[in-house]
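If you're matching them up, the sequences are chains F and E in order.
Our numbering puts the first residue of the first sequence at 1, with every later residue one more than the last.
Our numbering puts the first residue of the second sequence at 1001, with every later residue one more than the last.
2 protein chains.
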Amino acid sequence: MTSKESPPKLSAAVEEAWIAFLRAHRHNMAAVEAEFRAGGYPPLSWYDVLLELKRAQTGLRAVDLERRLLVAQYNVSRLLLRMERAGLIHRTADPADRRGRRLHLTDRGRQLQEEMWPIYAPVIQEQLGAALSDDEARQLTLLLNKLHQEKPC
Amino acid sequence: MTSKESPPKLSAAVEEAWIAFLRAHRHNMAAVEAEFRAGGYPPLSWYDVLLELKRAQTGLRAVDLERRLLVAQYNVSRLLLRMERAGLIHRTADPADRRGRRLHLTDRGRQLQEEMWPIYAPVIQEQLGAALSDDEARQLTLLLNKLHQEKPC
DNA sequence: TTGAAGTCAATGCAGTTGCATGTAAATCAT
DNA sequence: ATGATTTACATGCAACTGCATTGACTTCAA
């Protein structure tokens, strides 16, 4: 999938953007995870699942989460196991495809999502909203979304 | 450090930028790590250390890495342990501060960095360089760098 | 149909990260 | 100079991730 990797040949602008990107991400994630931990809440990965399940009324499958969250299959599998053990989700047999199971939020899961959002949102605001105008945020979205568009062959 | 987290109140633009940011990062990191693994090389975190040590001729301390790489102290500590075991770095007593040790690249460490860059650079180019013009890359850098500036109190 | 190929999910094992805490040395306040 | 605080680093333990493989089921082709 990757080209032949011989001459590095990166423009300084690209390299700097890459560095800025990595640093910004680490900084932001540290802030988010710290807030969740400080409040005694589980990590962001759990929240992501809770939110996806909440949004999709229809019972999602693990493979749907995998694609939406860009998380590896085995990590989804085990994350769901832990969340089921914690009473946040439950899984029901899928009549249409007996390989997989449908995922559902429990009341406790739904409640947790609702508790975590008021922790999460202010961090987003602090980290991103406070630093950028809405216009800049839109610019950022546009630039970032260019990064994973399908390229023409 | 965080405000009082009561009303979420995020603009749609900010929320979308946040999502785009997280997705772009997962996408990019998956590509980078996949390339390193495919070549039989260690993960990006190892490369980061190798590069920092190469750039800083003077023996860095673990705490310097912690700050430059935004990695937690205990992770730096254990990453260095693993890299030392792998023969990539060595640590010498610091005459000026006997709590810590100075870090140095071994020949093997330096060689590994030089081998990994030709894997890494093309991924950066693919993920970021191919999608953005230099001008856009500079815009992105500016926007991202706003995210972790010290804010005026 | 039916057997090959593909898809959905789980798991053993090793590597890595997070949390809490510990130890030693430096620094600071008095 | 000396006890309290801070700084640098390490580590036990639990949680999480990555890799490779497996099992179960579905789909596709002939």
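Think of the CB as a built atom: it goes at the ideal place given N, C-alpha and C, for glycine as much as any other residue.
Under 8 Å: do the stretch 1011-1023 of chain E and the stretch 1075-1089 of chain E share three or more Cβ pairs, one atom per stretch? no
May I ask you to list the residues that DSSP assigns as paired with T92 (chain F)? Residue mapping note: residue 92 (chain F) aligns to position 92 of the first sequence, counting from 1. According to DSSP, T92 (chain F) bridges with F:R102.
So that I know if they touch, is there some Cβ in chain E lying closer than 7 Å to that of Q57 (chain F)? Start at 1 with the first residue of the first sequence, and residue 57 (chain F) comes out as number 57. By this cut-off, Q57 (chain F) is not an interface position.
Check each residue of the stretch 17-43 of chain F: if its Cβ is closer than 9 Å to any Cβ of chain E, include it; give the result in chain order. Within the stretch 17-43 of chain F, the residues whose Cβ lies closer than 9 Å to some Cβ of chain E are A17, W18, I19, A20, F21, L22, R23, A24, H25, R26, H27, N28, M29, A30, A31, A34, E35, A38 and G39, listed in chain order.
Can you find a C-beta in chain E that's less than 7 Å from the C-beta of T141 (chain F)? Sequence index remark: in the first sequence, residue 141 (chain F) carries index 141 (1-based). Judged by the 7 Å Cβ criterion, T141 (chain F) is in contact with chain E.
Chain F residues whose Cβ lies nearer than 9 Å to that of Q1127 (chain E): Residue mapping note: residue 1127 (chain E) aligns to position 127 of the second sequence, counting from 1. Here the neighbours are W18, L147 and H148.
So with Cβ pairs under 7 Å, would you call R68 (chain F) a contact of chain E? Working through the first sequence from its first residue, we reach residue 68 (chain F) at position 68. Not an interface residue.
I need the boundaries of the alpha helix (DSSP H) containing K146 (chain F), first residue and last residue. Counted from its first residue, the first sequence places residue 146 (chain F) at position 146. Run containing K146 (chain F): D134 to K146, per the alpha helix (DSSP H) assignment.
Can you give the Cα-Cα distance for S77 (chain F) and L1081 (chain E), rounded to whole angstroms? Within the first sequence, the letter at position 77 stands for residue 77 (chain F). Within the second sequence, the letter at position 81 stands for residue 1081 (chain E). The straight-line gap from Cα to Cα measures roughly 31 Å.
Assign Q127 (chain F) to one of two classes, buried (16 or more other C-beta atoms within 10 Å of its C-beta) or exposed (fewer than that). Here residue 127 (chain F) corresponds to residue number 127 of the first sequence, with the count starting at 1. Result: buried.
Can you tell me which of the three DSSP states L1010 (chain E) falls into? Your numbering for residue 1010 (chain E) matches position 10 in the second sequence. L1010 (chain E): coil per DSSP, three-state reduction.
Per DSSP, which residues does L44 (chain F) bridge with? Please list them. For the purposes of this step, residue 44 (chain F) is identified with residue 44 of the first sequence, where counting begins at 1. Answer is none; L44 (chain F) lacks a bridge partner.
Residues of its chain near Y1041 (chain E), where Cβ-Cβ distance is below 6 Å and the 5 sequence neighbours each way are ignored: In the second sequence, counting from the first residue as 1, residue 1041 (chain E) sits at position 41. Excluding residues within five positions, the ones whose Cβ falls inside 6 Å are M1116.
Whether V1123 (chain E) touches V1032 (chain E) by CB criterion (7 Å): Taking the second sequence and counting its residues from 1, one reaches residue 1123 (chain E) at position 123. Taking the second sequence and counting its residues from 1, one reaches residue 1032 (chain E) at position 32. Cβ atoms of V1123 (chain E) and V1032 (chain E): closer than 7 Å.
At the 7 Å Cβ level, is P152 (chain F) part of the contact set with chain E, yes or no? Reading the first sequence from its first residue, position 152 is the one you call residue 152 (chain F). Because P152 (chain F) carries a pLDDT of 43, less than 50, the predicted location of this residue cannot be relied on, and the following value inherits that uncertainty. With 7 Å as the cut-off, P152 (chain F) does not count as an interface residue toward chain E.
My understanding is that R1099 (chain E) touches R1091 (chain E), with C-beta atoms under 8 Å, so please give their C-beta distance in whole angstroms. Here the question's residue 1099 (chain E) lines up with position 99 in the second sequence. Here the question's residue 1091 (chain E) lines up with position 91 in the second sequence. Not quite, the Cβ-Cβ distance comes to about 13 Å (not below 8 Å), so this is no contact.
Chain-ordered chain E contacts of R138 (chain F) [CB-CB under 9 Å]: Here residue 138 (chain F) is taken as the residue at index 138 of the first sequence, counted from 1. In chain order, A1013, E1016 and A1017 make up the part of chain E whose C-beta sits under 9 Å from the C-beta of R138 (chain F).
Own chain, CB closer than 7 Å to H25 (chain F), minus 5 neighbours either side, in chain order: On the first sequence, position 25 is the one that residue 25 (chain F) refers to. Non-local beta-carbon contacts of H25 (chain F) in its own chain, meaning distances under 7 Å to residues more than five positions away in sequence, are absent.
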